[in-house]
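Heads up: the protein sequence lines correspond to chains Z and W, in order. Take the first sequence: its position 40, counted from the start at 1, is 40 in my numbering, and no numbers get skipped. One gets my numbering by counting positions in the second sequence from 1 and adding 161 to each. Shown next, in structure tokens, is the structure this report addresses.
There are 2 protein chains.
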Amino acid sequence: MAGEPRWLNDEEQYAWQSYLHATTLLEDHLDRQLQRDAGMPHIYYGLLVQLSQAPRRRLRMTELAQNAKITRSRLSHAIARLEKNGWVRREDCPSDKRGQNAVLTDEGMKVLEESAPGHVATVRAALFDRLSPEQVRQLAEICRSVADGLQPQGADLPWLR
Amino acid sequence: MAGEPRWLNDEEQYAWQSYLHATTLLEDHLDRQLQRDAGMPHIYYGLLVQLSQAPRRRLRMTELAQNAKITRSRLSHAIARLEKNGWVRREDCPSDKRGQNAVLTDEGMKVLEESAPGHVATVRAALFDRLSPEQVRQLAEICRSVADGLQPQGADLPWLR
DNA sequence: GTGGCGTTCTTGAAGTTTTAACAACGAAGT
DNA sequence: ACTTCGTTGTTAAAACTTCAAGAACGCCAC
């Protein structure tokens, strides 16, 4: 990390500023929209989405955490909260006595179905409606490159950190 | 928000997934790097950067909050923490008795100078080194479009929310 | 100058995330 | 079976953010 630091040039600085600016605003925007319309922050909504797409609407805690890119600890707290809301319930894993499955309840599914259209509309209005199809492809490619460079390979936890 | 919901097509879904994936990983990555090397999360670091670039290394609370895109409440708490660390101090605003200036201390400046090279290197490694110059321009343009659509015009607070 | 209204900033409480530690189980060798 | 080590998920405490409320000041019409 030492040596002569290679600072960002003007173009890079501008891009970095714009990136921070846009991602912050978008995240806040989505959080507020979902908090208002679905009663939960964006990340919690994402957990319900993951569960809804999984076979039998259930996932092992670790797998769900991996998909959502959060720590197991954070997931534990999140599921506790969603359980209190009745959107999710826990279930012992038959094959591994250590394991827990998070299961999307019917009520959780209902909340998801009710809030999904509004959420998609918000994402569309904030992002896709403002970009050309070409830009959508560019964004995907850029994000894929970045994500590839940050993948799991840390020593401490297998997949994060 | 009603009517037939226009769902995301395959390309859009892929882009959205990639976006969430990449931004989450990058944010976590930067937070951890700065927490480790500078003893504060990314957003706090950004506050010090803002102050360091301001005339006389000081800014009104509201202005700083606007620049950093956070609420005044959040900033109040953040500055309280940075003040406890000795990186920042508060100062009454001469022209407006309601106002407060956040001032970057010498010690804060030192922390910034020490951690900046490592931070830039991290940003570079995670982002710019993985993108072509063309992609950097594309990213900036995309982010600018998105940010433009989310600007201040909410009713409640003038500039956020 | 006084009342009314908006702005500036702070505060306490509740909710969320991080960090470190831990209990319980699984896997594999001996 | 026993030991060792890795994995799974949770928890308590500290740190951070959000939310609602409020104190203090500026501005302006009257």
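Cβ coordinates follow ideal geometry from the N, Cα and C atoms, glycine included.
- Non-local C-beta neighbours of L209/W in its own chain, meaning closer than 7 Å and more than five positions away in sequence, comprise W248, L265, G269 and L273, ordered along the chain.
- Contact check for E172/W against R124/Z fails: the beta carbons are separated by 8 Å or more.
- With respect to W16/Z, L8/Z sits close: the two C-beta atoms are nearer than 8 Å.
- Under the 10 Å beta carbon count, Q211/W is surrounded by 16 or more other beta carbons and is classified as buried.
- Under the Cβ distance rule, S306/W counts among the residues neighbouring chain Z, one pair being separated by less than 8 Å.
- Contact between C93/Z and R60/Z is confirmed by a C-beta separation of about 6 Å, below the 8 Å threshold.
- Contact annotation: A126/Z and V307/W have beta-carbon atoms nearer than 8 Å.
- Counting only runs of 4+ residues, the alpha helix (DSSP H) found wholly inside the segment 93-155 of chain Z occupies 106-126 and 133-149, in chain order.
- For R6/Z, the secondary structure class from DSSP, reduced to helix, strand or coil, is coil.
- Looking only at P216/W, A241/W, D257/W and I303/W, the smallest Cα-Cα distance to P133/Z is reached by I303/W.
- Per the coordinates, the alpha-carbon of Q261/W lies some 6 Å from the alpha-carbon of E252/W.
- For the alpha helix (DSSP H) assignment, the uninterrupted runs of no fewer than 4 residues enclosed by the segment 217-259 of chain W are, from N- to C-terminal side, 222-229 and 233-246.
- Here A183/W carries a helix assignment [DSSP, helix/strand/coil].
- Of the candidates K230/W, S179/W, R250/W and Q174/W, K230/W places its Cα closest to the Cα of H21/Z.
- For T24/Z, the neighbours in chain W by C-beta distance under 8 Å run, in chain order, K230.
- Close to A176/W, with beta-carbon spacing below 7 Å, are these residues of chain Z in chain order: V136, L139 and A140.
- Cβ atoms of P202/W and D192/W come within 8 Å of each other, at about 5 Å.
- Between Y180/W and chain Z, the shortest Cβ-Cβ separation is below 8 Å.
- Apart from sequence neighbours up to five positions away, the residues of its chain that approach D37/Z with a beta-carbon distance below 8 Å are S115, G118 and H119, ordered along the chain.
- Minimum Cα-Cα distance from R250/W among the listed residues S237/W, S179/W and S256/W corresponds to S237/W.
- Looking only at R74/Z, S18/Z and T23/Z, the smallest Cα-Cα distance to Y44/Z is reached by R74/Z.
- By the neighbour-count definition (other C-beta atoms within 10 Å, threshold 16), A80/Z is an exposed residue.
- Inter-residue distance for L292/W and L139/Z is about 11 Å (C-alpha atoms, whole angstroms).
- For G46/Z, the enclosing alpha helix (DSSP H) begins and ends at H42 to Q53.
- For V49/Z, not one C-beta of chain W is nearer than 8 Å to its own C-beta.
- Burial state of S18/Z is buried, judged by a 10 Å Cβ sphere holding 16 or more other Cβ atoms.
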